[in-house]
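**Student:** With this note's numbering applied, the sequence shown covers 1 to 208. Even for Gly, the Cβ is constructed at its ideal location relative to N, Cα and C. Let me begin by handing over the structure; questions about it come next.
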Amino acid sequence: MKDPTGPLLVTLDRFVGKAENAFNLVAGGLIFGLMVLGVVQIVMRTVFSSPILGYIDIVELSMVGFAVLAIAFVQRVGGHVRMELVIQVLRGRTLWFFEALGSCLAIFIVAVLIPYSFDHFQRAFQFGDSTIDLELATWPAKLVVPMALSLLLVRLVIQLAGYTRLFVNPRLPPLAIPALKRPEEVAAAEIRLTETSGGIDDDAATRA
C-alpha cells in the first residue's frame with residue numbers, strides 16, 4: 001500500500017515532538033520550582049515573619065510559563081478536554097473528516113491569537129512594563145505566549161495532515177495524530193493500573 005506522506009509525517013512528528021518535550025520539561029520545572037518557593041514562603045512567613053520579597057511577582061510571571069508551554073505537548077498526546085458525544089460514534093472517512101474540520105478551526109483560532117499575543121509582548125518590551133514589587137520585566141513571560149502558540153500551530157498543521165491522509169485512505173495506519181481511547185478503554189486501563197498498584201502495595205506490606 002503506497003503511503004508517500006507517511007515517512008514525512010513521522011519525521012516531522014518526531015522533530016516537533018522534541019521541541020514539545022523540551023517546552024513541557026520547562027513547564028514542569030516551573031511548576032516544581034513554584035511549589036518549592038511556596039513552601040519556603042510559608043515557612044518564612046510563619047516561622048520568621050519575613051515573607052519572600054516579590055513572591056507575588058514571581059508567581060505571576062511563572063504562571064504564564066507553565067500555563068502555555070505544555071499546550072502543544074498535551075495536544076500531541078490528546079490530553080485536552082474534548083466533547084466526543086458525536087465523534088466517538090463516527091467511523092472511517094466521516095470520523096477523519098470531522099477531526100480534520102476540528103483541526104482547521106483550531107488552526108484558525110490559534111493563527112488569530114499569535115499576532116495579538118506578539119503585539120502584547122512588543123508593547124511590554126517597548127514601554128518597559130514591569131512588576132510592582134521587584135520591578136521585573138514582564139516581556140520575557142509575554143514572549144512565551146506567542147512562542148508556545150506557534151509550536152501549537154505547527155502541531156495542529158501536522159495533525160491536520162495526518163487526518164487528511166486518513167480521510168483520503170482510511171486503510172492506512174494512523175500517524176502523527178493522538179491515539180484517543182474510548183471511555184470504557186480509559187476506565188479499563190485505570191482499573192488495571194489501580195489493581196497493579198494495589199498488588200505492589202500488598203507485596204510490600206507482606207515483605208514488611
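Sorted by chain position, which residues of the same chain lie with C-beta nearer than 7 angstroms to Phe209's C-beta, five sequence neighbours on each side aside?
**Tutor:** Not covered by the structure: residue 209. The range shown for the chain is 1 to 208.
**Student:** Between the stretch 167 to 176 and the stretch 107 to 118, are three or more C-beta pairs nearer than 8 angstroms?
**Tutor:** no
**Student:** What does a CB cutoff of less than 6 angstroms around Arg192 pick up in its chain, not counting 5 residues either side in sequence?
**Tutor:** In the sequence shown, residue 192 corresponds to position 192, counting from 1. Cβ within range, chain order: n/a, list empty.
**Student:** Buried or exposed: where does Ser49 fall if 16 or more other Cβ atoms within 10 Å of its Cβ makes it buried?
**Tutor:** Within the sequence shown, residue 49 is the residue found at index 49, counting from 1. With fewer than 16 Cβ atoms within 10 Å of its Cβ, Ser49 is classed as exposed.
**Student:** What residue does the alpha helix (DSSP H) around Met63 start on, and which one ends it?
**Tutor:** As a first step, residue 63 is located in the sequence shown; it is residue number 63 there, counting from the start. Counting along the chain, the alpha helix (DSSP H) containing Met63 begins and ends at 55 to 68.
**Student:** What does DSSP give as the partner residue(s) for Ser130 in the beta ladder?
**Tutor:** Along the sequence shown, one-based indexing puts residue 130 at 130. Looking at the DSSP assignment, Ser130 forms a beta bridge with Ala137.
**Student:** From what residue to what residue does the alpha helix (DSSP H) around Asn213 run?
**Tutor:** With the chain covering 1 to 208 only, the question about residue 213 has no answer from this structure.
**Student:** Val145 by DSSP, collapsed to three states: which one?
**Tutor:** The residue you call residue 145 lines up with position 145 of the sequence shown. In this structure, Val145 counts as helix in the three-state DSSP scheme.
**Student:** Taking the alpha-carbon positions, what's the Ala204 to Glu195 distance?
**Tutor:** Reading the sequence shown from its first residue, position 204 is the one you call residue 204. Reading the sequence shown from its first residue, position 195 is the one you call residue 195. Residue placement at Ala204 is flagged as unreliable, the pLDDT there being 46, under the threshold of 50; the coordinate-derived value follows with that caveat. Distance between the alpha carbons of Ala204 and Glu195: 14 angstroms.
**Student:** DSSP three-state call for His120: helix, strand or coil?
**Tutor:** On the sequence shown, residue 120 is found 120 positions in, with the first residue counted as 1. In the structure shown, His120 sits in a helix (DSSP, three-state: H, G or I).
**Student:** Please list the terminal residues of the continuous alpha helix (DSSP H) segment that includes Arg76.
**Tutor:** Along the sequence shown, one-based indexing puts residue 76 at 76. Its alpha helix (DSSP H) spans residues 71 to 77.
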